[in-house]
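Undergrad:
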Amino acid sequence: MSRRQISNIQQQFPELDLTQSVFGDVLTTYSNDKQRALSVLREMKEELEHEKEQKIRELQDQFSTVSRDSIIEVLESCKWDVDEAIVPLFTKAQEINQRIEENDRQKREDEQRKKPRPAEEEKKKEEATIKEDPFKGVDPKSATTDKNRSVKLVAKPDIADTGKQITVEWEFQSGTSSSYDWIGMFQVGQPNKAYFTYEWRGKQEQKGSVTFIAPATFGPYEFRYIPYGSYDHAGISNPVQVGPHIEFSATHDQETKRLHAKWHQKSGNAYPRAWVGLYHKAETNNRNYIAFEYATPPYTEASFDAPIKPDEYEFRFFPYGYVDVVRSNTIKIEGTDQVTAVMNEDNSRIIAKLSILTVDPYYDSVWIGLYQKGETNNKKLKRYKWIRDRFTEISFRAPTPGEYEFRLFAHKSYTAIASSNNLTVVAKQ
587 MSRRQISNIQ QQFPELDLTQ SVFGDVLTTY SNDKQRALSV LREMKEELEH EKEQKIRELQ
647 DQFSTVSRDS IIEVLESCKW DVDEAIVPLF TKAQEINQRI EENDRQKRED EQRKKPRPAE
707 EEKKKEEATI KEDPFKGVDP KSATTDKNRS VKLVAKPDIA DTGKQITVEW EFQSGTSSSY
767 DWIGMFQVGQ PNKAYFTYEW RGKQEQKGSV TFIAPATFGP YEFRYIPYGS YDHAGISNPV
827 QVGPHIEFSA THDQETKRLH AKWHQKSGNA YPRAWVGLYH KAETNNRNYI AFEYATPPYT
887 EASFDAPIKP DEYEFRFFPY GYVDVVRSNT IKIEGTDQVT AVMNEDNSRI IAKLSILTVD
947 PYYDSVWIGL YQKGETNNKK LKRYKWIRDR FTEISFRAPT PGEYEFRLFA HKSYTAIASS
1007 NNLTVVAKQ
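Going by this note's numbering, the sequence shown opens with residue 587, and the numbers climb by one from there.
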């Protein structure tokens, strides 16, 4: 079949994104049956379309606020790689949620504008300023601070996944209140001006409740009651963890030298790209995992080889991306470097038996040196060799009679991380 004929058929199946040579292979295989070849290509096209539809539905479940067309557009830009599409879709979902919150806020402001206004022109300007930004127009030097003002806030539930409702109940304990007071949602640890979103507390005099929608960004949040004209909060709620509710634990089987992570999702959205990572407990960058396994249903546990290096470890659970929502209990791996010095049978060679745990010889430039007993300067060595394996034996020609020891070093330094027993080399008979 000519290249022109192949090209004409290729144009009928642009979705397959196959090279002309691949089309040629299919057509050549069924060269005596053109209809059969076309049927095979149609089947390939249908299978591809089915796979694309599955990817679209999977992402629709995860990003319900993003339109189908937008999901398809992102997938096409990422060449239909779901993992690559997660980050741009997450960003798009955040933008949509912000627009929804802005629209809701605008509706509330419109409703407020329809209500009767005070006659004073200054009061109108003040109201408009408050509705744009609860802090806008507030002079820090003249802002009021009522030290006797106290408000009790209770947020429910303690754990809420993205898109779920959070109800905040408030009640004045002391001091005066205003219908222009507001309640803000904050990430724990952020200052009062760094609110995530807010709601006016309403017309209730002494107590009431407001409702928030859990955001797309996981983490701990709290709610603060901010009086009108103040930079200080008069009350702060209990923390609320935004994200799925996961029970998570880890165990260490010392006989098999395996670590086991177990999880159970008690509430929250479905996350088809959830995964579990093993980390050094002190690791601050979630991209630096030691090992990982996907945590998609029906799986509720995973097993890993226990690390050799003595340290504290933990598992972290990720619904997607690199933001964890829960961490396991700490697993402590114990052990020390061992260096044992012995002589061979005819006393012609001195041998170091090594068990290296705290460093990795392959990456950490590990070396061993032979020293006379009592030598204080680590640069005055008798013999040395580089080490490439954790568990190995290194031998040297026996030095002149005397007492000796081995010292182990890493990172090309002269600071010993371990030393051997003393060994006496005697003169040959």
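Note that CB positions come from ideal geometry on N, CA and C, so glycine has one too.
(1) Can you tell me whether Phe798 is buried or exposed, with buried defined as 16 or more other CB within 10 angstroms of its CB?
(2) For Gly829 and Thr753, I'd like the C-alpha separation in whole angstroms.
(3) Take the Cβ of Glu900 as the centre, count every other Cβ of all protein chains shown within 10 Å, and call the residue buried at 16 or more, exposed below.
(4) Do you know how far the Cα of Ile876 is from the Cα of Lys895?
(5) Looking at C-alpha atoms only, which residue of Ser764, Ala671, Ser951 is the closest neighbour of Gln790?
(6) Taking three-plus beta-carbon pairs below 8 Å as touching, is the stretch 974-984 in contact with the stretch 936-945?
(7) For Gln924, which residues from the same chain have a beta carbon less than 6 Å from its beta carbon, with the 5 sequence-adjacent residues on both sides left out?
(8) Is there contact between the stretch 815-830 and the stretch 737-754, where contact requires at least three CB pairs shorter than 8 Å?
(9) Alpha carbon to alpha carbon, how far is Thr715 from Asp747?
(10) Name the residue from Val1011, Arg974, Glu898 whose alpha carbon lies nearest to the alpha carbon of Glu991.
(11) Based on the DSSP secondary-structure assignment, which residues constitute the bridge partners of Glu979?
(12) Is the shortest distance between the beta-carbon of Val911 and the beta-carbons of chain B less than 9 Å?
(13) Please report the straight-line C-alpha distance between Leu675 and Ile686, rounded to a whole angstrom.
(14) Give the DSSP-derived three-state secondary structure of Ile682 in the structure shown.
(15) Identify whether Lys665 lies in helix, strand or coil by the three-state DSSP scheme.
(16) From Pro679 to Leu645, what does the alpha carbon distance come to, in whole angstroms?
(17) Would you kindly report the start and end of the unbroken beta strand (DSSP E) that includes Gly749?
(18) Could you tell me how far apart the beta carbons of Val911 and Ile832 are, in whole angstroms, since I believe they sit closer than 8 Å?
(19) Leaving out the 5 sequence neighbours to the left and right, which residues in its chain are closer than 8 Å to Asn933 when beta-carbon positions are compared?
TA: The structure says:
(1) Working through the sequence shown from its first residue, we reach residue 798 at position 212. Buried, by the Cβ-count rule.
(2) Locating residue 829 in the sequence shown gives position 243, where the first residue counts as 1. Locating residue 753 in the sequence shown gives position 167, where the first residue counts as 1. One C-alpha to the other measures close to 16 Å.
(3) As a working mapping, residue 900 is identified with position 314 in the sequence shown. Looking at its Cβ environment, which holds 16 or more other Cβ atoms inside 10 Å, Glu900 is buried.
(4) In the sequence shown, residue 895 corresponds to position 309, counting from 1. In the sequence shown, residue 876 corresponds to position 290, counting from 1. The C-alpha of Ile876 is placed about 12 Å away from the C-alpha of Lys895.
(5) Sequence index remark: in the sequence shown, residue 790 carries index 204 (1-based). Ranked by how close their Cα comes to the Cα of Gln790, the residues Ser764, Ala671, Ser951 have Ser764 in first place.
(6) yes
(7) Walking along the sequence shown from the start, residue 924 turns up at place 338. Counting only Cβ-Cβ distances below 6 Å, and skipping sequence neighbours, we find Ser941.
(8) yes
(9) If you number the sequence shown from 1, residue 715 lands on position 129. If you number the sequence shown from 1, residue 747 lands on position 161. Confidence is the limiting factor: at Thr715 the pLDDT is only 41, short of 50, which leaves the residue's position unreliable, though a coordinate-based value still follows. Rounded to the nearest angstrom, the two C-alpha atoms are 33 Å apart.
(10) Taking the sequence shown and counting its residues from 1, the one referred to as residue 991 is at position 405. Looking only at Val1011, Arg974, Glu898, the smallest Cα-Cα distance to Glu991 is reached by Val1011.
(11) On the sequence shown, position 393 is the one that residue 979 refers to. Answer is Lys939.
(12) No chain B appears in this structure, which consists of one protein chain only.
(13) One-based indexing of the sequence shown puts residue 675 at position 89. One-based indexing of the sequence shown puts residue 686 at position 100. Near 16 Å, if we compare the C-alpha coordinates of Ile686 and Leu675.
(14) Position 96 of the sequence shown holds residue 682. In the structure shown, Ile682 sits in a helix (DSSP, three-state: H, G or I).
(15) Numbered from 1 along the sequence shown, position 79 holds the residue referred to as residue 665. Three-state result, Lys665: coil.
(16) Residue mapping note: residue 679 aligns to position 93 of the sequence shown, counting from 1. Residue mapping note: residue 645 aligns to position 59 of the sequence shown, counting from 1. The question names Pro, yet the displayed sequence has Ala at residue 679. Whole-angstrom Cα-Cα distance: 11 Å.
(17) In the sequence shown, residue 749 corresponds to position 163, counting from 1. Here Gly749 belongs to no beta strand (DSSP E), and DSSP marks it neither H nor E.
(18) Taking the sequence shown and counting its residues from 1, one reaches residue 911 at position 325. Taking the sequence shown and counting its residues from 1, one reaches residue 832 at position 246. With a Cβ gap of about 6 Å, Val911 and Ile832 count as contacting.
(19) Numbered from 1 along the sequence shown, position 347 holds the residue referred to as residue 933. Closer than 8 Å at Cβ, skipping near neighbours: Ala984, Val1011, Val1012, Lys1014.
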